[in-house]
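**Q** Questions regarding the structure given below will be posed in turn.
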Amino acid sequence: MDGPASAKSISKVVEIVEKIQTGIAGLDLITYGGIPKGRTTLVAGSAGSAKSVLTAQFIGEGIRKCGETGVLVTFEESPDDIRQNMMGLGLDIAQWEAEGKWVFVDVSRRPDDQAVKTGQFDLSALLARIEHAINKIKASRVGLDSLGAVFSQIEDDRLVRSELFRIGWALKKLRVTSLMTAERIEEYGDISRFGVEEFVTDNVILLRNNLENEKRRRTIEVLKLRGTNHQKGEFPFTVLSGRGIVIIPLSAIELQQRSTDIRTSSGNIELDKMCGGGFFRDSIILISGATGTGKTLAVTEFLEGGAIAGERCLIFAFEESRDQLFRNAAGWGVNFETLEAQGLLKVICEYPESASLEDHLVRMREIIEEYRPGRVAVDSLSALERGASPRSFREFVISLTSYIKHEEITGLFTATTSALLGGSTITEAHVSTITDSIILLRYVEIFGQMRRGLTVLKMRGSMHDKDIREYSIDAAGMHIGRPFRDINGILSGQPQAVPYSENSKLKDAFMDHSADRI
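Per this note's numbering, the sequence shown starts with residue 1107, numbered consecutively.
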């Protein structure tokens, strides 16, 4: 077959595979519209990877969003346990049962049951019960959780394969879309325990609950969807109270954010001048510096500047408590309590280790959607970076910054450098390419004294002051002064005085002339 004909045939195959939406946040995005209708999908994962949650939510979302009905065949947990567990995730199974939209086929073992092997293994009775339940409520979605509880009693792998094929064939004849769960021993080992499940099902979805830096991180991967396309690779997800599974695909982010020339004040007149008139309204700004250089002060002035302009301001604080933030702001002449009372400020303080990065991301987006701020500050990214893998942290930052830019919100993030003098951070490496502006705050040791220096390292789409300026902090806030002269190595943390010479005179004259031209 030639190339064009082959491509045409593939196109036809894709077109005839009808899909149904799962209704699970993010899953329909990475499957390009859902899973194939009328087919069986294997959901494989280790303990704690949320296989049962995905299966129950698949049926529940079908009832809630698509007007469909479903049957759940349970081999391990009792229906009572499932009802109770899923209620916390927003699935009112008891109500759906009363309305004739959900039916259990209970094959779970009781504590006093004893396994007795007699004769040839046969699933005819079970299949008859499943068919009866499907016909009873005209179900279109079926979940089987989990196959391992049944086939662990069979020693012959060939029999396991034949019985699995028999179940899949029976469900296909009944024209239902079904999920089967199966256990995995290792996160990146064999796909399933028996090694045959994936070969007798049309589609395979892998759930992982991997341990990274002493923290569990859940991911989902669509391994195959027979006859249709899907996104490749692992995508992080979380399980939230009242919502269930929420998948966070970076691939859903589109580079279609609008851009504006409108400027907004940083809250500091001199910093606005250094930035060419202030920040762009839809920009992301990173302020990086060692502890005590004034990052939180810069955030406070940023929030006050927004409030003065009548903008709603939101701060996510991951290092200091609410009382500390309010006390610090009062020390610089800013009354956070008054701004809160006026509805111009919302303060959210959380301990970074209280939740996973995925949980933090979903919650932050929900708060932003509800409050609708014009400015958002995150103090600090370094606190969130602790204990997170580089990959998960970068995914978090990309997701949050892209969302803020899409909503045309001005975002200000802080990051703490590990070195007291100069230096860079991993955070800067992760964030530098996706931020619009970077402001560096540095300690400068000169003649036995510790002074502070500020420079605008980057400002996308705008001219900016390229000097390293000295600044001081007092009860009135941050005061940015004159540039440092005849000193090299400030940003590297090794400042050295440069002997004044004719070359220095020429350099000063050149810089003054350049400043006049700018």
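Don't be surprised by glycine CBs; every beta carbon is placed ideally from N, CA and C.
(1) Only counting runs of 4 or more residues, tell me where the alpha helix (DSSP H) segments fall wholly within the region 1511-1594, in order along the chain.
(2) Between which two residues does the alpha helix (DSSP H) harbouring M1202 extend?
(3) Excluding sequence positions up to five away, which residues of its chain have a Cβ less than 7 Å from the Cβ of T1307?
(4) Pull up the distance between the alpha-carbon of T1399 and that of L1546, whole angstroms please.
(5) Quick one: what's R1323 bridged to in DSSP?
(6) H1336 to C1172, Cα distance in whole Å?
(7) If we call anything under 8 Å between Cβ atoms a contact, is G1129 one with R1170?
(8) Output needed for S1620: all residues of its chain with C-beta closer than 7 Å, excluding positions within five of it in sequence on either side, in chain order.
(9) Between which two residues does the beta strand (DSSP E) carrying F1442 extend?
(10) Would you kindly report the start and end of the unbroken alpha helix (DSSP H) that includes I1188?
(11) Return the chain-ordered list of same chain residues with a C-beta closer than 8 Å to the C-beta of Y1477, the five sequence neighbours on each side being excluded.
(12) How close, in whole Å, do the beta carbons of S1155 and L1313 come, if the pair is a contact with beta carbons under 8 Å?
(13) If you draw a straight line from the C-alpha of V1222 to the C-alpha of R1332, how long is it?
(14) Pick out whichever of I1236, R1433, N1315, H1512 has its Cα sitting closest to the Cα of V1179.
(15) Within the region 1442-1488, note down every full alpha helix (DSSP H) run reaching 4 residues or more, in order along the chain.
(16) Who are M1286's beta bridge partners in DSSP?
(17) With C-beta atoms as the reference, is A1415 less than 8 Å away from M1584?
(18) Measuring alpha carbon to alpha carbon, tell me which of T1325, A1231, K1379 ends up nearest I1640.
(19) DSSP three-state call for S1372: helix, strand or coil?
(20) Run through DSSP, which three-state label would P1496 get?
(21) Would you kindly work out how many angstroms separate the C-alpha atoms of T1520 and A1436, rounded to a whole number?
(22) Would M1569 be called buried (16 or more neighbouring beta carbons within 10 Å of its own) or exposed?
(23) Under the three-state reduction of DSSP, which class applies to F1341: helix, strand or coil?
(24) Applying the 10 Å Cβ sphere with the 16-neighbour rule, what's the burial state of I1375?
**A** Result, derived from the coordinates:
(1) If we require 4 residues or more, the alpha helix (DSSP H) runs fully inside the region 1511-1594 come out as 1532-1537.
(2) Reading the sequence as shown, one finds Trp at residue 1202 and not Met. From DSSP, the alpha helix (DSSP H) with W1202 extends over 1199-1204.
(3) Answer for T1307: T1146, T1147, L1148, G1274, M1286, listed in chain order.
(4) Roughly 10 Å between the two C-alpha positions.
(5) Looking at the DSSP assignment, R1323 forms a beta bridge with N1316.
(6) Distance between the alpha carbons of H1336 and C1172 is about 22 Å.
(7) Yes. Within cutoff.
(8) Low local confidence applies: a pLDDT of 42 at S1620 is under 50, so the model's placement there is unreliable, and no value is given.
(9) Per DSSP, F1442 is not a residue of any beta strand (DSSP E); the alpha helix (DSSP H) it occupies stretches across 1442-1447.
(10) Secondary structure note for I1188: its alpha helix (DSSP H) is the uninterrupted segment 1185-1193.
(11) The residues are R1418, L1420, K1452.
(12) By a beta-carbon distance limit of 8 Å, S1155 contacts L1313. Their separation comes to about 4 Å.
(13) Confidence in V1222 is poor, its pLDDT being 44 and thus under 50, which makes the residue's placement too unreliable to answer from.
(14) Residue I1236 is the option with its Cα nearest to V1179.
(15) For the region 1442-1488, whole alpha helix (DSSP H) runs of length 4 or above, ordered along the chain, are 1442-1447, 1463-1477.
(16) DSSP lists L1148, L1250 as partners of M1286.
(17) Cβ distance not < 8 Å, so A1415 and M1584 don't count as in contact.
(18) There is no way to answer for residue 1640, as the model of the chain reaches only from 1107 to 1624.
(19) It is coil, neither helix nor strand.
(20) Residue state, collapsed to three classes: helix.
(21) Linking T1520 to A1436 through their CA atoms gives a straight-line distance of about 20 Å.
(22) Answer is exposed; the Cβ neighbour count stays below 16.
(23) F1341: strand per DSSP, three-state reduction.
(24) Exposed.
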